[in-house]
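Take a look at the structure below.
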């Protein structure tokens, strides 16, 4: 497989060492790997190996590795530790990562950890913690380097040399005025190529707008993507600089957002690939329960037509085709809409156009495939009436699929219901019911 | 909606101007916006508005905006231009973007554009073009700044000042030896804080491994994610530096990969949200055709049991429940596996564990929901035999769903078939057939 081919020696050697019980050897190899690679190894291991690996980490590695773990694993690894141990661990991380970790822990633990920290550090962390983690404020780090516009490059360079190192992903210095309001950005790559005598004002860029602290995380991600930013300043509603957001945190937002659409549509709650059976089964069960209820609803529609089915058993043979075609078409429209919503492509100007497009796509494909289905059914059962009935029902169901697949997510969003979570089950229920109702209803008219 | 709230004035003003036919006004507003924002506006507009907007772009903006458009729109906007116009347009872009654009155009056009370029530039572009766009080589830009390890910081700074500006996303200078082999990285943020007298060798970082040029794009994306890189050097198999990859291109890979899982599972080919009806309908139709064929297969299974259904019509009422529960459970397992594969979490060590976990989840949920379904069916039709039959069939189908939902994508990958594309239809076909076969088969034994 790809991953083992790319990292053959280290992961394989760790695996062999674990199997042989040579834990010291495994620990030695772990110590040589980057925190991200170790976190990846842990998160792609079944539960038992995970605990074993977590126990082998060196103290100075641990914070960085735990920080890179997916949320659920990170919480599991931290939840049982004493507040002192937690405070010691998070101290090695960036503000935004610390806030991220503390956000997820129970409130009393967070309080205890904060109480141990020194005053200044606590204030910085609390500034980030005061924002929910799905807005710009929750993504930001307060660790910024600010300068004034009237300095010369020479002075800037001397000022920078007073730092032992600059915060990670520092591509720009942030230019502020006397009252700490954001004025512009000075790329470090500009500092190093500029004449030492020119002023910051002459070289700074002013066309990158700062991000207001309450901007939604998804909107932050879209601005980064659109403008290829590596970092961006965060301001309050008065324009005062609060911190900055870096691309590594934005990448996490992008991944989570894409992941949310995929898993929600399949009825999966935030799910860890390697959760145990006892964790997974109940989470999946909820969706199966909802589906059982809606399937019973669809069945009760079929039940209305028992008499007709008794007369023409071929109806029972063909009815799943009508329902399933509607379900597929509806899911296609729904996926298109959910994806477009996640990308921020939907607005008042194009909503109606999209519902119209999907309905027409349903109509066109309805015409084509209902004719094919009609021919197949007529030949199979030697009954053209049956063919006519399946054609009409399928055409109606594919148009319904287009309208509901596109319209429903828009409606759900207005009702503040997540369309990725609720959309799938609603759309397929509607297409199932429509499919059975039109097919068996028409049959009752013709054969009843 | 979110996007119009964030950019109320400009997009709305453009919209009003377009409706009023005041094209000059619209063009004026476009000229003030960033290329990424304009590209976003164009890609979230219905087809007619797109053409209108594309026609309004100023020449100097155009290249940057077209570069930010999604692939399909970009190709549509470029395909009809003369080679000279194309060469003039792409000249303003980074190497990797030029290669990306030329990759997608027909080969004869690419050849004509290359022929117009000057020798040195052509060689650089061809170096990138010689790699497929799904490996590191296709993502890289050859626009790098290299230095030697024996220089002092002072010399490095003086060398940098000879550049008017550094390439975008330049966070590191790349340290190479005399034969151009990659030696290490010197972050610019280190250059600016270091004592002018120290050497590059003392300050450079050597623990970030370079990326081999044939590494898969998805693996490149994972390494960036895991290690929070902003850029990374690309080397050939001899360790010679070829170029570098920057995070903006990696973000595109991450988005495309996530998007691929989502759309493929719904049977959507690479699809533009705002494609016309005539583009969308045939693309969706292919999947509907495949589904029609598999639905006919499932129907032919039902057809075997016409006699039993005639006797007990309640079977026709209940059979879709068994099939649909299997379909949902199978899709859940499949989605988990496809997501894990896309994240590179699957390897030889954990494959069997995962298939086992999914089978057990199927077994557990099978026990729970088959009992619920049995009670519901028994009460509804006053027939405990029917309840027993539906329970057995559902249990079997949910276990089948777990095994195939997890096992099939692994098998498909071994056969070099994309599991996201083929998995969905195969899994639901298997659960449909299993559902109908076990339910009606058992019923035939009990009632036949």
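Protein chains in written order, with our numbering: chain A, 1 to 448; chain B, 1001 to 1448. Positions of the beta carbon are idealized from the N, C-alpha and C atoms, including for glycine. Please read all numbers here as calculations on a predicted model, not as lab measurements.
Mark residue 1005 (chain B) as exposed unless 16 or more other C-beta atoms lie within 10 angstroms of its C-beta, in which case mark it buried.
Bear in mind that a pLDDT of 41 at residue 1005 (chain B), under 50, signals an unreliable position, so the number given afterwards is only what the model happens to contain. Only exposed fits residue 1005 (chain B), as fewer than 16 other CB atoms lie within 10 angstroms of its CB.
Output yes or no for whether 7 Å exceeds the beta carbon distance between residue 1313 (chain B) and residue 390 (chain A).
Annotated as distal: residue 1313 (chain B) and residue 390 (chain A), with beta-carbon spacing of 7 Å or more.
Roughly how many whole angstroms lie between the Cα atoms of residue 1229 (chain B) and residue 440 (chain A)?
C-alpha separation (whole angstroms): 59 Å.
Could you tell me whether the Cβ of residue 1317 (chain B) comes closer than 7 Å to any Cβ of chain A?
Output row for residue 1317 (chain B): interface = yes.
With a Cβ-Cβ cutoff of 7 Å, do residue 1083 (chain B) and residue 1113 (chain B) count as a contact?
Yes, these two residues count as a Cβ contact at 7 Å.
Can the beta-carbon of residue 1239 (chain B) be found closer than 7 Å to that of residue 1181 (chain B)?
Their beta carbons are under 7 Å apart, which means residue 1239 (chain B) touches residue 1181 (chain B) by this criterion.
State yes or no: is the C-beta of residue 89 (chain A) within less than 7 Å of the C-beta of residue 115 (chain A)?
No, the Cβ-Cβ distance between residue 89 (chain A) and residue 115 (chain A) is not below 7 Å.
Residue 173 (chain A) - DSSP class collapsed to helix/strand/coil:
In the structure shown, residue 173 (chain A) sits in a strand (DSSP, three-state: E or B).
Endpoints, beta strand (DSSP E) assigned at residue 1182 (chain B)
Note, residue 1182 (chain B): beta strand (DSSP E), 1182 to 1187.
Beta-bridge partners of residue 1243 (chain B), as assigned by DSSP:
DSSP lists B:1234 as partners of residue 1243 (chain B).
May I ask which residues mark the beginning and end of the alpha helix (DSSP H) holding residue 167 (chain A)?
Premise fails: residue 167 (chain A) is in no alpha helix (DSSP H) and is neither H nor E.
When the Cα atoms are used, what is the spatial distance from residue 75 (chain A) to residue 104 (chain A)?
Approximately 7 Å, taken between the alpha carbons.
State the Cα-Cα distance for the pair residue 1212 (chain B) and residue 256 (chain A), rounded to the nearest angstrom.
One C-alpha to the other measures close to 28 Å.
Within chain B, the residues that residue 189 (chain A) reaches when beta carbons sit closer than 8 Å:
By Cβ distance, chain B contributes 1165, 1166, 1170 and 1188.
Cα-Cα separation, residue 1049 (chain B) to residue 1042 (chain B)
The C-alpha of residue 1049 (chain B) lies about 8 Å from the C-alpha of residue 1042 (chain B).
Which of the residues in the region 223 to 236 of chain A, read from start to end, lie with their CB under 7 Å from any CB of chain B?
Correct list: 225, 226, 227, 228 and 230.
Short-range partners of chain A found in the region 1187 to 1216 of chain B, where Cβ spacing is below 8 Å:
Within the region 1187 to 1216 of chain B, the residues whose Cβ lies closer than 8 Å to some Cβ of chain A are 1188, 1189, 1190, 1191, 1192, 1193, 1194, 1195, 1207, 1215 and 1216, listed in chain order.
State the Cα-Cα distance for the pair residue 1329 (chain B) and residue 425 (chain A), rounded to the nearest angstrom.
So the two alpha carbons sit approximately 13 Å from each other.
Under 7 Å, Cβ to Cβ, is there at least one residue of chain B near residue 139 (chain A)?
Not closer than 7 Å to any Cβ of chain B, the Cβ of residue 139 (chain A) fails to qualify, so no.
Assign residue 1269 (chain B) to one of three DSSP states: helix, strand, or coil.
DSSP places residue 1269 (chain B) in coil when its eight states are reduced to three.
Taking Cβ-Cβ distances shorter than 9 Å, what residues in chain B pair up with residue 46 (chain A)?
Think of a sphere of 9 Å around the beta carbon of residue 46 (chain A): the chain B residues whose beta carbon falls inside it are 1349, 1350, 1353, 1354 and 1357, in chain order.
Taking Cβ-Cβ distances shorter than 9 Å, what residues in chain A pair up with residue 1340 (chain B)?
Chain A residues near residue 1340 (chain B): 44, 273 and 274.
For residue 1088 (chain B), report the span of its alpha helix (DSSP H) as first-last.
That run of the alpha helix (DSSP H) goes 1083 to 1090.
Could I get the ranges of all uninterrupted alpha helix (DSSP H) runs contained in the region 257 to 336 of chain A, with 4 residues as the minimum, in chain order?
As summarised for the region 257 to 336 of chain A, the continuous alpha helix (DSSP H) elements at least 4 residues long and confined to that stretch are 277 to 303 and 306 to 311, given in chain order.
What are the complete beta strand (DSSP E) segments, minimum 3 residues, inside the region 1337 to 1407 of chain B?
With a minimum length of 3 residues, no continuous beta strand (DSSP E) run stays inside the region 1337 to 1407 of chain B.
Nearest-angstrom beta carbon gap, residue 1047 (chain B) and residue 1068 (chain B) [assumed within contact, 8 Å]:
Wrong, their Cβ atoms sit about 18 Å apart, outside the cutoff.
For residue 1245 (chain B) and residue 98 (chain A), the rounded distance between their alpha carbons:
In a straight line, the C-alpha of residue 98 (chain A) is about 29 Å away from that of residue 1245 (chain B).
What residues from the region 302 to 313 of chain A come within 8 Å of chain D, judged by C-beta to C-beta, listed N to C?
You won't find chain D in this structure, because its protein chains are A and B.
What's the C-alpha gap between residue 263 (chain A) and residue 158 (chain A)?
Rounded to the nearest angstrom, the two C-alpha atoms are 51 Å apart.
Could you tell me whether the Cβ of residue 1365 (chain B) comes closer than 7 Å to any Cβ of chain A?
Cβ-Cβ to chain A under 7 Å: yes for residue 1365 (chain B).
Would DSSP call residue 99 (chain A) helix, strand or coil?
In the three-state DSSP reduction, residue 99 (chain A) falls in the helix class (H, G or I).
With DSSP as the reference, please indicate the residues paired to residue 205 (chain A) in a beta bridge.
Answer is A:185, bridged to residue 205 (chain A).
Contact between the region 413 to 424 of chain A and the region 350 to 367 of chain A is defined here as three or more beta-carbon pairs at a separation below 8 Å; is this criterion met?
Cβ pair count under 8 Å is below three, so no.
What separation, rounded to the nearest whole angstrom, lies between the Cα atoms of residue 1241 (chain B) and residue 1234 (chain B)?
Straight-line Cα distance between these residues: approximately 6 Å.
Pull up the distance between the alpha-carbon of residue 250 (chain A) and that of residue 1252 (chain B), whole angstroms please.
So the two alpha carbons sit approximately 13 Å from each other.
Could you tell me the alpha carbon to alpha carbon distance between residue 1175 (chain B) and residue 30 (chain A), rounded to whole angstroms?
One C-alpha to the other measures close to 27 Å.
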